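Protein chains in written order, with my numbering: chain A, 3 to 396; chain B, 3 to 396.
Protein chains: 2
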Amino acid sequence: MTTWTLARRAQKMNPSVIREILKITEKPGIISFAGGLPSPKTFPIAEFAAASERVLREDGQAALQYASSEGFAPLREHVAASLPWNVDPNQVLITTGSQQGLDLVAKVLVDEGSRIMVETPTYLGALQAFTPMEPTVVSVASDEQGVDIDDLQAKMGEGADAARFLYVLPNFQNPTGRSMSEARRAALVERAAALNLPLIEDNPYGDLWFDAPPPAPLTARNPEGCIYLGSFSKVLAPGLRLGYLVAPASVYPKLLQAKQAADLHTPGYNQRMVAEVIKDGFLDRHVPTIRALYKSQCEAMLAALEKEMAGLDVQWNRPDGGMFLWVRLPEGMSAIELLPKAVEAGVAFVPGAAFYADGADPRTLRLSFVTASVEQIGIGMAALAKAIRATLGG
Amino acid sequence: MTTWTLARRAQKMNPSVIREILKITEKPGIISFAGGLPSPKTFPIAEFAAASERVLREDGQAALQYASSEGFAPLREHVAASLPWNVDPNQVLITTGSQQGLDLVAKVLVDEGSRIMVETPTYLGALQAFTPMEPTVVSVASDEQGVDIDDLQAKMGEGADAARFLYVLPNFQNPTGRSMSEARRAALVERAAALNLPLIEDNPYGDLWFDAPPPAPLTARNPEGCIYLGSFSKVLAPGLRLGYLVAPASVYPKLLQAKQAADLHTPGYNQRMVAEVIKDGFLDRHVPTIRALYKSQCEAMLAALEKEMAGLDVQWNRPDGGMFLWVRLPEGMSAIELLPKAVEAGVAFVPGAAFYADGADPRTLRLSFVTASVEQIGIGMAALAKAIRATLGG
């Protein structure tokens, strides 16, 4: 019997309590507000079918061959041209979903014990991507406007222990749905530059605004100090695994080498399909339909919350876009303890504790308003309120 | 100006001299035996087009949605059923190319300074995938039969410094084209088990045999002691980036978590396309056509070598399959120094030095016989011989 010696990092990659808990949300027939799954109604299947047919007919051999690690040139050019600051296509690296961008960033910037900073709460997948490189993750306080700049400075560290970066989602954040205000963005970029603190800006949801686009990205304000991560998962479909990063010339070559070592390149066929779908301004016509759908679903969820939570000390925010809203349960309640009861009542969510590196607020939970239908949202919210009332009464 | 502090591992990820040299092989019009590119003539474009159409029509929403990190169940089942030992589909993890399998293995099994062993020479991409985890790479001597078992034992290390694994390509190895004999396989598996040494068996080329299939995989002989890496890149097409690994239950959960953190999952659309193409025994009809093509190209290259290298002290092997053969230049010559002259004469190869962790034999070089046509092979070999003669005469 061979005994396998695991790397130390593998010990840190334990199945989280949360992940185990979430398995119960996979019960068939349940109304789930748990997953961060875009509405499949928005996937442009006919356009993908036409693009696939054309790519294979006109460029099949190249689409199916090994390709460069940087990515398909027309797609890199499209990404560069679509961003609201001056981006050279040579700064764009196509990634296998923006999740891979997080993996590459960690590989290139994080040593064992390196201090890195995250908003709190933050995207669970980022914590998972950073963990294998064994950083010391420091949570920076955040409020409705975004990252607390003074807390950031207080936790920055000095000399060799200075934070390698701050990871931040300024637009319709996962998990809270919050967006960073213009004033806070300006202050953050200024303070970060003064502190010599690189920013990792993750922007999967920025196009999903309801009434007005969010303020300019952090990276647009200081491109040399930021790595920007973007994705086609939320505006086209996640199943093709297509994301990208934009990095300054001082870091790009290392990210490229890490990319090559990780999977050689992102599927060229997928890159060509997406380049084909978007080349004639398709996203300008398509994304507004996603915005309208998600806005109506968000409004339905807010209305259902108003109705069903009446009289309960439950709080929630009103997102300006994205996929999620953030709920706080009554004093003394735990979202983790509530979840099995909610599942029994037919509804699922993600306990907020999943999204904290430390110091979780046990009363919080995340609701996705994009996957379930408006009708399901109504039924699900009633079930959730019932589970809360039963817990309070019990 | 923000100063980016890079991880130590990033310093080790330097652009290799070899990679810089290989840029000259990208000169337009050159006959290249350098790349490990499958012949695009073998890509089943019509079958992919039909599969894509069907997948999007029948299962479009699921194909384009987020999916499980383990992979698409029918594809995992196909992989398990196709392997010549008893494999539970739950042991199969679909990866974004088998290159990703190497990345995951390194993350889960390698600490900074961990001893790992490789054949010498070995696959350059594996060295690149392992490097970010900062192992101490130990080269194990190899001969025409495979890994030298006594050298393996001598370099195994003890206690905390015992090697975490041996990485080995038993079939039509990259770069040498060599295959491990039945006797050597049996001896290696026995000795590895006695030494408590896990084996990482990489088998991208095993199906590409010319006259007879290679002996049974190492993993078939001791599944609990091996991780097996496979790929659809050489039997279908590399541009979809589809590979897999098979791992024992004691390691699988950690590899799965590393996979989830790396890119969430491999594109579900691509997995469904391949599952659709292969479901009715397509590979049984298709792979023999690749074998026949590659055998004829290999024979053409061997004949051209016989003809063009006559009178030169140049040695080469006769592979039983795969994509590569291995050449040794006359005493005193360096393949790295020869390359610019060969490129000037219109032909490219990869200097063997690219494939050694240390102690490179400067006289060696790798030729791929699968990308160029038979006619190009003739012209290219004449050009290579001319460059060698010019060097010897100069």
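Cβ coordinates follow ideal geometry from the N, Cα and C atoms, glycine included.
Treat the numbers as computed from the prediction; the structure is a model and nothing was measured.
Query                                                                                                                                                                                          : Result
Using the C-alpha atoms, what's the distance from residue 299 of chain A back to residue 8 of chain A?                                                                                         : 45 Å
Rounded to a whole number of angstroms, what is the C-alpha to C-alpha distance between residue 288 of chain A and residue 301 of chain A?                                                     : 21 Å
Using only alpha-carbon positions, find the residue among A:159, A:123, A:204 that is nearest to residue 170 of chain A.                                                                       : A:204
Tell me, please, whether the CB atom of residue 309 of chain B is closer than 8 Å to any CB atom in chain A?                                                                                   : no
Answer yes or no: do residue 296 of chain B and residue 210 of chain B have a C-beta to C-beta separation smaller than 8 Å?                                                                    : yes
Assign residue 242 of chain B to one of three DSSP states: helix, strand, or coil.                                                                                                             : helix
Using a Cβ-Cβ distance under 8 Å, would residue 102 of chain B count as near chain A?                                                                                                          : yes
I'd like to know if the region 229-246 of chain B and the region 340-356 of chain B are in contact, where contact means that at least 3 CB-CB pairs between them fall below 8 Å.               : no
Starting from residue 73 of chain B, find everything on chain A with Cβ-Cβ shorter than 7 Å and list it in chain order.                                                                        : In chain order: nothing, as chain A lies at least about 13 Å away.
Hey, is residue 109 of chain B's beta-carbon within less than 8 Å of any beta-carbon in chain A?                                                                                               : yes
Given residue 89 of chain B, which residues of its chain have a CB within under 7 Å of its CB, disregarding the five upstream and five downstream residues?                                    : 82, 248
Under a three-way DSSP split, which group does residue 379 of chain A fall into?                                                                                                               : helix
Could you check how far apart the C-beta atoms of residue 255 of chain A and residue 236 of chain A are, in whole angstroms? I think they sit under 8 Å.                                       : Actually they are not in contact, since the Cβ atoms of residue 255 of chain A and residue 236 of chain A sit about 29 Å apart, beyond 8 Å.
State the DSSP-derived secondary structure class of residue 298 of chain A, mapped to helix, strand or coil.                                                                                   : helix
Since residue 219 of chain A meets chain B, which of its residues come closer than 8 Å, beta carbon to beta carbon?                                                                            : None at all; the shortest Cβ gap to chain B is about 16 Å.
CB-CB under 7 Å to residue 111 of chain B, same chain, minus the five flanking residues each way: which ones, in chain order?                                                                  : 166, 167
Any Cβ of chain B within less than 8 Å of the Cβ of residue 8 of chain A?                                                                                                                      : yes
So, helix, strand or coil for residue 350 of chain A, using DSSP?                                                                                                                              : strand
Return yes when the C-beta of residue 202 of chain A is under 7 Å from any heavy atom of the ligand SAH, and no when it is not.                                                                : Annotation note on the ligand SAH: not contained in the displayed structure, which lists no ligands.
In its own chain, which residues sit with a C-beta less than 6 Å from the C-beta of residue 69 of chain B, not counting the 5 before and 5 after it?                                           : 267, 270
For the beta strand (DSSP E) holding residue 230 of chain B, just list the boundary residues, first then last.                                                                                 : 228-233
Cα separation between residue 380 of chain B and residue 139 of chain B?                                                                                                                       : 38 Å
Give me, in chain order, the residues of the same chain whose beta-carbon lies closer than 6 Å to that of residue 310 of chain A; leave out the 5 immediate sequence neighbours on both sides. : 383, 384, 387
So the candidates are A:143, A:104, A:119, A:332; which of them puts its Cα closest to the Cα of residue 127 of chain A?                                                                       : A:104
Is the region 388-395 of chain A in contact with the region 317-327 of chain A, if contact means three or more CB pairs nearer than 8 Å?                                                       : no
Determine, using beta-carbon pairs with one atom in the region 51-65 of chain B and one in the region 37-56 of chain A, whether at least three such pairs fall under 8 Å.                      : yes
Could you give the uninterrupted runs of the alpha helix (DSSP H) lying entirely in the region 117-149 of chain A, keeping only those of 4 residues or more?                                   : 126-132
With 16 as the cutoff for other CB atoms within 10 Å, does residue 1 of chain A come out buried or exposed?                                                                                    : Residue 1 of chain A cannot be examined here, being either before or after the span of chain A that is shown, 3 to 396.
Taking Cβ-Cβ distances shorter than 7 Å, what residues in chain B pair up with residue 3 of chain A?                                                                                           : 226
List, in chain order, every chain B residue whose beta-carbon is nearer than 9 Å to that of residue 68 of chain A.                                                                             : 37, 38, 39, 40, 235, 240, 241
Taking the alpha-carbon positions, what's the residue 190 of chain B to residue 366 of chain B distance?                                                                                       : 26 Å
Go to residue 399 of chain B, then tell me how far its alpha helix (DSSP H) extends in each direction, as first and last residue.                                                              : Shown here, chain B extends from 3 to 396; a query on residue 399 of chain B therefore has no answer.
What does a CB cutoff of less than 6 Å around residue 136 of chain B pick up in its chain, not counting 5 residues either side in sequence?                                                    : 11, 114
Which bits of chain A does residue 54 of chain B rub up against, with CB to CB less than 8 Å?                                                                                                  : 51, 54, 55, 58
Report the rounded CA-to-CA distance for residue 156 of chain B versus residue 220 of chain B, giving the unit in angstroms.                                                                   : 21 Å
Among the residues of its own chain, which have a CB less than 7 Å from the CB of residue 265 of chain A, if the five just before and after it don't count?                                    : 98
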